[in-house]
Amino acid sequence: MRIQKSFLAIALSISLIAASCGGGGTTEKTSSVAEAPVGGGQSAVQDDVSQKDVVRVAVGSAAHTTLVTALKTAEYVDVLSNAGPFTVFAPTNDAFNLLPAGTVEGLLKPESKEALRNILEYHVAVGVYKLENLKDGQTINQVNLDNVTIGVKDGKYTVNGANIVGTVPASNGVVYVVDAVLLPPAKK
Numbered sequence: 006m007r008i009q010k011s012f013l014a015i016a017l018s019i020s021l022i023a024a025s026c027g028g029g030g031t032t033e034k035t036s037s038v039a040e041a042p043v044g045g046g047q048s049a050v051q052d053d054v055s056q057k058d059v060v061r062v063a064v065g066s067a068a069h070t071t072l073v074t075a076l077k078t079a080e081y082v083d084v085l086s087n088a089g090p091f092t093v094f095a096p097t098n099d100a101f102n103l104l105p106a107g108t109v110e111g112l113l114k115p116e117s118k119e120a121l122r123n124i125l126e127y128h129v130a131v132g133v134y135k136l137e138n139l140k141d142g143q144t145i146n147q148v149n150l151d152n153v154t155i156g157v158k159d160g161k162y163t164v165n166g167a168n169i170v171g172t173v174p175a176s177n178g179v180v181y182v183v184d185a186v187l188l189p190p191a192k193k
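Residue numbering for the sequence shown follows the numbering used here, beginning at 6 and increasing consecutively.
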């Protein structure tokens with residue numbers, strides 16, 4: 006009798022489990038890892054609510070298309086889309102146009118990737134340097150391990166002589182729009 010009751014209890018349990026899993030007429034689509042979107046890293050995460058990161062600030066600016074092209078060529082979009090925080094000195098298209106003829110085109114070639122990266126890294130500092138806290142003569146260490154020098158005169162700010170003409174806060178730092186491309190010092 007005891008064995009029959011145990012067998013009956015097991016059978017009833019299996020029936021209940023099968024019924025709860027069975028075709029109730031509705032099915033839910035589940036995604037597998039294989040179906041998940043691939044690529045883009047942090048830069049592929051987008052929404053319409055959050056503040057833009059430093060890359061999205063540049064992407065959203067018609068005045069920074071050359072900078073965005075350079076970031077893509079150097080494969081730095083994902084790097085600068087991460088948490089940071091970063092201070093980015095972002096040269097405008099007009100700033101790039103001030104470089105000698107052929108310079109930008111040469112830097113965008115695959116064989117110039119390291120030189121391009123060095124220049125881009127010279128425009129980025131780790132940390133947020135607020136404009137109101139910058140002092141005349143202050144040096145800031147950049148990602149490429151060289152320093153830039155801040156100038157402050159009559160309420161106007163410069164970095165290595167380039168005018169800071171705009172400030173755009175970002176979710177992972179701050180973007181300072183500059184009117185010249187910052188060129189790192191020659192390596193010895």
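Glycine included, each C-beta is placed from N, C-alpha and C at the ideal position.
Can you have a look at residue i and say buried or exposed, based on whether 16 or more other CB atoms are within 10 angstroms of its CB?
i, result
"Pro-96", "buried"
"Thr-144", "exposed"
"Gly-46", "For Gly-46, the predicted structure reports a pLDDT of 44, less than 50, and the residue's modelled location is therefore unreliable. A value from the coordinates is still provided. So Gly-46 ends up on the exposed side."
"Asp-141", "exposed"
"Gln-147", "buried"
"Thr-92", "buried"
"Ala-100", "buried"
"Thr-172", "exposed"
Please report how far the alpha carbon of residue i lies from the alpha carbon of residue j, in whole angstroms.
i, j, result
"Glu-119", "Ser-66", "25 Å"
"Leu-103", "Pro-174", "26 Å"
"Val-133", "Lys-161", "19 Å"
"Ile-155", "Val-170", "14 Å"
"Ala-191", "Thr-163", "21 Å"
"Ala-61", "Val-73", "Position check: residue 61 holds Arg in this sequence, whereas Ala was assumed. So the two alpha carbons sit approximately 9 Å from each other."
"Gly-111", "Leu-188", "15 Å"
If distances are taken between C-alpha atoms only, which option among the options comes closest to residue i?
i, options, result
"Leu-150", "Val-182, Tyr-81, Arg-122 and Asp-99", "Arg-122"
"Asn-87", "Ala-191, Gly-178 and Lys-140", "Gly-178"
"Leu-139", "Val-153, Glu-126 and Lys-77", "Val-153"
Do residue i and the ligand FMN come close, with the Cβ less than 8 Å from some heavy atom?
i, result
"Tyr-162", "Looking at this structure, you won't find the ligand FMN or any other ligand, since it has none at all."
In the DSSP assignment, find the alpha helix (DSSP H) that holds residue i and state where it starts and stops.
i, result
"Ala-194", "Since the first residue shown for the chain is 6 and the last is 193, residue 194 is missing from the structure and cannot be characterised."
"Thr-97", "Premise fails: Thr-97 is in no alpha helix (DSSP H) and is neither H nor E."
Which one or two residues does DSSP pair with residue i in a beta bridge?
i, result
"Tyr-181", "Phe-94 and Thr-172"
Hey, quick one: how far does the beta strand (DSSP E) through residue i stretch, first residue to last?
i, result
"Val-153", "152-158"
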